[in-house]
Amino acid sequence: MSADFWAGYISGAAGILIGNPLDLVKVRLQAGGDARLGPLGGSGAAGPRAASSGAARPSFFQRTAALATGAAAPVLGYGALNALLFVSYRQAETFLIGTPLSPSGELPASPPPQTSAATTWVAGAAAGLATWIVSAPTELIKCRAQLALAGPVPSASSPSASQTPGQAQAAPSKSPSSWSIARQVWRAEGLRGFFLGGSVTALRDSIGYGFYFWSYLLATDAWRRYEQGGRDVDVSASTTPSAAATLMCGGLAGVVTWASVFPLDVVKTRVQAQALLPVAAASPNTIATSTTPLLGSTSTASRQPRRLSTLEITRIAYREGGTSVFFRGLGVCSARAFVVNAVQWAVYEWIMRELGAKVH
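In terms of UniProt numbering, the sequence shown opens at residue 1 and continues consecutively.
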């Protein structure tokens, strides 16, 4: 269990560091419209880009730093999530196949050979559900940090909409950190605020991680059969996948995982991002939704601050762009998923070998 924990933690953190720039792009595409105009689309008001064509352009270092926006929470959170994921997966798999623990209470060093694809999927789904307590708050902070880079949507009468070039240059917007967003959530809604969108996050993780372990198992098994078929590959007596196999199979598992749950991830992003919508005169515990044109109303009666449900968000997204809106950003996500999970599985398997344990 110790090997699973540390291998999972380190590999999860490594994957996030590599994949965060593409994840930032994916989240903004999912949120809809121009990311600078808010998470659910623009309101027709002038955005920061329209404030002035002569505004100061960000420096190379500012642009580079922006790629890490929202990375702090995932690096810490996903390290813990990945550790919990692999430990929970091993426990669930052991329970499902009835393999006894050692006298010291330790899990077996490697999954038994009779593990089926169905058992792997169920164990992965159970492990994904177990990670919900970590993934829900981590995802919320990450999404808000990535979408808040350009600030809230300015109204037609707001100072930002009528700034002169000199004013825009003198007062550049500053991206909030993950820590500042976490403090804002805590002050506004307490612990409950961190679990906004928790139900759809739990559903996404359960289904997604079921396919994650299932597809990795099938891919590595297929690779081994290819190696044992006498083709131009180096066949090894060890059952440990080669570095090339781990990278390719890990990357493929990541793509399959995200393809299986991407519509759920789009809904999750929009549910968690709605708190970024500007509130003119609302209490800190509620969210005004009338500022987004997707609701189709700007009347005084509709300005009562409230938070949209997951079902309402889904209906609004469908009215916005039909079925295609639920696959917006899938290409970027697939590229990110391949790279991140290739690295993540490679690091995980390497650490497990260094610690004297095996996963296959």
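Backbone N, C-alpha and C define an ideal beta-carbon position, used for all residues, glycine too.
Pair within 8 Å by beta-carbon distance, residue i and residue j
i	j	result
Val-271	Leu-196	yes
Leu-191	Ser-135	no
Val-340	Ile-18	yes
Val-266	Ala-202	no
Gly-124	Tyr-9	no
Ile-97	Thr-120	no
Leu-355	Ala-3	yes
Leu-29	Val-332	yes
Gly-208	Gly-128	yes
Phe-326	Pro-241	no
Ala-31	Ala-273	yes
Rounded separation between residue i and residue j - CA only
i	j	result
Arg-49	Trp-6	Bear in mind that a pLDDT of 37 at Arg-49, under 50, signals an unreliable position, so the number given afterwards is only what the model happens to contain. Cα to Cα, the separation comes out at about 44 Å.
Ile-181	Lys-268	18 Å
Ala-55	Phe-338	Per-residue confidence for Ala-55 stands at a pLDDT of 42, beneath the threshold of 50, marking its modelled position as unreliable; the derived number appears in the next sentence. Rounded to the nearest angstrom, the two C-alpha atoms are 37 Å apart.
Cys-249	Ala-188	43 Å
Ala-145	Val-27	10 Å
Arg-315	Gly-322	9 Å
Gly-93	Arg-306	The amino acid at residue 93 is misidentified as Gly; the sequence shows Glu. Approximately 42 Å between the Cα atoms of the pair.
Thr-64	Pro-21	The predicted model places Thr-64 with a pLDDT of 44, which falls under 50 and marks its position as unreliable; any figure quoted below should be read in that light. In a straight line, the C-alpha of Thr-64 is about 9 Å away from that of Pro-21.
Ile-133	Ser-88	13 Å
Thr-257	Arg-353	25 Å
Arg-319	Glu-312	11 Å
Thr-220	Ile-351	18 Å
Pro-293	Leu-308	A caution first: Pro-293 carries a pLDDT of 40, below 50, which makes its placement in the model too unreliable to give a value.
Ala-342	Gly-210	17 Å
Arg-328	Cys-143	16 Å
Val-25	Arg-336	10 Å
Gln-344	Ser-177	25 Å
residue 361	Arg-90	Outside the shown range of the chain, which is 1 to 360, sits residue 361, and nothing can be said about it.
Ser-215	Thr-115	14 Å
Ala-245	Arg-224	9 Å
Asp-205	Pro-137	13 Å
Phe-95	Ala-83	18 Å
Gly-251	Ala-126	22 Å
Pro-154	Leu-330	Confidence at Pro-154 is low in this model, with a pLDDT of 37, below 50, so its placement is unreliable and the value that follows should be read with caution. Taking the straight line joining both Cα atoms gives about 29 Å.
Buried or exposed by the 16-neighbour rule on C-beta atoms within 10 Å, applied to residue i
i	result
Ala-243	exposed
Arg-183	exposed
Ala-117	exposed
Leu-40	Confidence in Leu-40 is poor, its pLDDT being 40 and thus under 50, which makes the residue's placement unreliable; the coordinate value appears in the next sentence. By the 10 Å Cβ count, Leu-40 comes out buried.
Trp-186	exposed
Ala-253	buried
Ser-334	buried
Ser-324	exposed
Ala-222	exposed
Gly-229	exposed
Trp-179	exposed
Phe-213	buried
Phe-86	buried
Leu-277	Here Leu-277 scores only 46 on pLDDT, less than 50, and its place in the model is too uncertain to base an answer on.
Expected contact under 8 Å - CB spacing of residue i and residue j to nearest Å
i	j	result
Ser-11	Tyr-348	4 Å
Thr-310	Val-200	5 Å
Leu-217	Ala-346	Their Cβ separation, rounded to whole angstroms, is 16 Å, which puts Leu-217 and Ala-346 out of contact at 8 Å.
Leu-147	Phe-194	That pair is no contact at about 16 Å.
Any C-beta of chain C under 8 Å from that of residue i
i	result
Ala-80	Looking at the structure shown, chain C is missing, and only one protein chain is on hand.
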